[in-house]
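First comes the structure, then the notes that go with it.
Chains as they are written, first to last, in this note's numbering: chain S, -3 to 306; chain A, -3 to 306.
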């Protein structure tokens, strides 16, 4: 366990490389969920295995949602079953409610990721709930599913930097939700720049405010590269003490309504940035680039959009 | 004149907004030069005028090279003539030799931009000269054209971070060329990450080394966003005291051999980054975005690739 790491590796997945930063690969979830074309189950399993082989110890494999909501994840149980034997890797998945959480636990998912938008308008549009209703759903998961499940919990605060409906989100709004989560005992919270409008100054201020007010919480950040700022934001977040970051292989994950628009920050670019800072990620860039080539081939096969050139 | 500005605005173009950083728009040159389709002269003139209207005080309008080498600039004299009346704007252009420099001066170009690669292999491939031969060409320009021309000189060191043939370029190599230029009296030098492989650590170290060794030189930086690091590098360069940056509207300027690959850092993103840092650029982001829409329309008209979504 590295003393510099503020995000405790509580799932016991510390790799041999003793990483100083936790990179969570969200490509199989955030990258694929907006694709119109369905990626075959076997390809998803192969992709996740290649990501694990590259040294990624935290992989978000999909979402336990209704197949009507996101057809891409209709095969999530089969995907989970196909990668369940991966050793030293924490598999996580989105769960929107008790039902999804129960399904995830039954599949042996290590970390349940609950999410809601701090923007009321976005949460209503996205999950047809107010943030209060989402917090009630989270409380139900904590009461009914988590105990004795063996699973950890991570909560993602979507639109924590800005919202397509409400514009810039004030740090106070985010901090108010973080306080309620922290008081409820949530130990891992990811601040998500869902639409990629956060800036370095905003990132630094938000990171410092969160860490000072809630030192007991392990904070992560999730950036999209809409304005080319994802790595600059990552740099400032790291300097402010954040030690967990999401990335998606190949920068996949653009908005389906903005073809060609940048998606998630590319995991390759995150690894490259941290390598430049002398920060150990435990990830092999070469293996990651090879996995990226496999992803491109897969998307061509599935008829989806190719990821950006990394 | 702002006391924080280390890049003296010696062309007397300080705008009313008292900018603290000099942003040089290179889209009409670096953005267009790789387009297979020729952009009509009137469109180029219109584009440059819109860029000036947005508040950009330094605009690189093209290159005085042979039309056989770059057909896109066969109309450079006409373009220069069409924007010569712009007030408070320094127009610059690439000049590879005495002949080009004479043509530029005859057009009233305010800053001649001479360029060569610090990588021998790249310079041979690009201009069919060794760096020594390029330095001789520069000496000829300084002796035969610059005196009494009224023009200023800027020298661009290409492949200052890395080269497609020689790999990573050592800071010592760059510093050796900077020394020769400084000793020759060159007061403005731009370090160019021609292929976009520079990293934040490399940028910071190079910027500090250059500024410490040559405090009399105004250094600028020119980034491409190949690995998503352009703005992170800009941030570190700014923190190391660099006060001049090139950008291209819409992030235009990708390598013609890598379709879809990111090009120059987008001027919009530079302006947005500095705005976030509280650094005055003197540029209107709204007017810049409108100019970007005009550029996209122009490229569609010319049959070229659209720029990235900014």
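Think of the CB as a built atom: it goes at the ideal place given N, C-alpha and C, for glycine as much as any other residue.
Assignment of beta-bridge partners to residue 129/S by DSSP yields no partner. By a beta-carbon distance limit of 8 angstroms, residue 259/S contacts residue 249/S. Their separation comes to about 3 angstroms. Each residue's CA atom was taken as its position, placing residue 222/S and residue 26/S some 15 angstroms apart. By the criterion of a C-beta distance shorter than 8 angstroms, residue 37/S is surrounded in its chain by 71, 74, 75 and 78, once the five residues flanking it on both sides are discounted. Residue 46/A is classed as buried because its beta carbon has at least 16 other beta carbons within 10 Å across all chains shown. Sequence-distant Cβ neighbours of residue 200/A in its own chain, meaning closer than 6 angstroms and more than five residues away, are 232 and 236. Neighbourhood of residue 167/A in chain S, by CB distance below 7 angstroms: empty, with the nearest CB roughly 14 angstroms away. Taken atom to atom, the span from the alpha-carbon of residue 33/A to that of residue 42/A is near 17 angstroms. Residue-level contact check: residue 195/A touches chain S, since one or more beta carbons of chain S fall below 7 angstroms from its beta carbon. A straight line joining the alpha-carbon of residue 56/S with that of residue 152/A spans about 45 angstroms. Of the other Cβ atoms in all chains shown, fewer than 16 fall within 10 Å of the Cβ of residue 161/A; this residue is therefore exposed. Contact holds between the region 51 to 65 of chain A and the region 82 to 101 of chain A, because three or more Cβ pairs, one in each stretch, are under 8 angstroms apart. The three-state secondary structure of residue 37/A, taken from DSSP, is helix. The region 68 to 144 of chain A contains, as complete beta strand (DSSP E) runs of 3+ residues, the segments 86 to 90 and 107 to 113 (chain order). Per DSSP, the continuous beta strand (DSSP E) segment holding residue 21/A begins and ends at 18 to 21. Residue 15/A and residue 239/A have their alpha carbons spaced roughly 10 angstroms apart.
221, 223, 224, 225, 226, 227 and 228: these are the residues of the region 210 to 228 of chain S whose beta carbon lies less than 7 angstroms from some beta carbon of chain A, given in chain order. In this structure, the beta-carbon distance from residue 206/S to residue 156/S does not fall below 7 angstroms. Beta bridge pairing from DSSP links residue 153/S with 112/S and 187/S. At a cut-off of 7 angstroms, the C-beta of residue 265/A has a neighbouring C-beta in chain S. Chain A has no Cβ within less than 7 angstroms of the Cβ of residue 248/S. Per DSSP, residue 198/A is one residue of the alpha helix (DSSP H) stretching across 196 to 209.
Non-local C-beta neighbours of residue 137/A in its own chain, meaning closer than 8 angstroms and more than five positions away in sequence, comprise 91, 93, 94, 97, 108, 110 and 149, ordered along the chain.
Around residue 268/A, the beta-carbon contacts reaching into chain S at under 7 angstroms are 223. Scanning its chain for C-beta atoms nearer than 6 angstroms, with the 5 sequence neighbours on each side dropped, one finds around residue 217/S the residues 187, 233, 238 and 241, in chain order. CA-to-CA, the gap between residue 131/A and residue 65/A works out to about 20 angstroms. From the beta-carbon of residue 262/A, the residues of chain S found nearer than 9 angstroms are 223 and 224.
For residue 71/S, there are no C-beta contacts with chain A under 7 angstroms, since the nearest C-beta of that chain is about 30 angstroms from it. Interface flag for residue 272/S against chain A is set, since a Cβ pair is found closer than 7 angstroms.
Cβ-Cβ distances below 7 angstroms link residue 185/S to 151, 153, 174, 177, 213 and 215 in the same chain, with the five nearest sequence neighbours on each side left out; the list follows chain order.
For residue 42/A, no pairing in a beta bridge is given by DSSP.
Following the DSSP letters along the chain, one finds residue 233/S inside the alpha helix (DSSP H) bounded by residues 226 to 235.
Partner residues in the beta bridge of residue 216/A, as assigned by DSSP, are 186/A. Short of 7 angstroms from the beta carbon of residue 106/S, and not among the five residues preceding or following it, lie these beta carbons of its own chain, in chain order: 7, 86, 87, 88, 147 and 148. Contacts with chain S at 7 angstroms (Cβ-Cβ) include residue 231/A.
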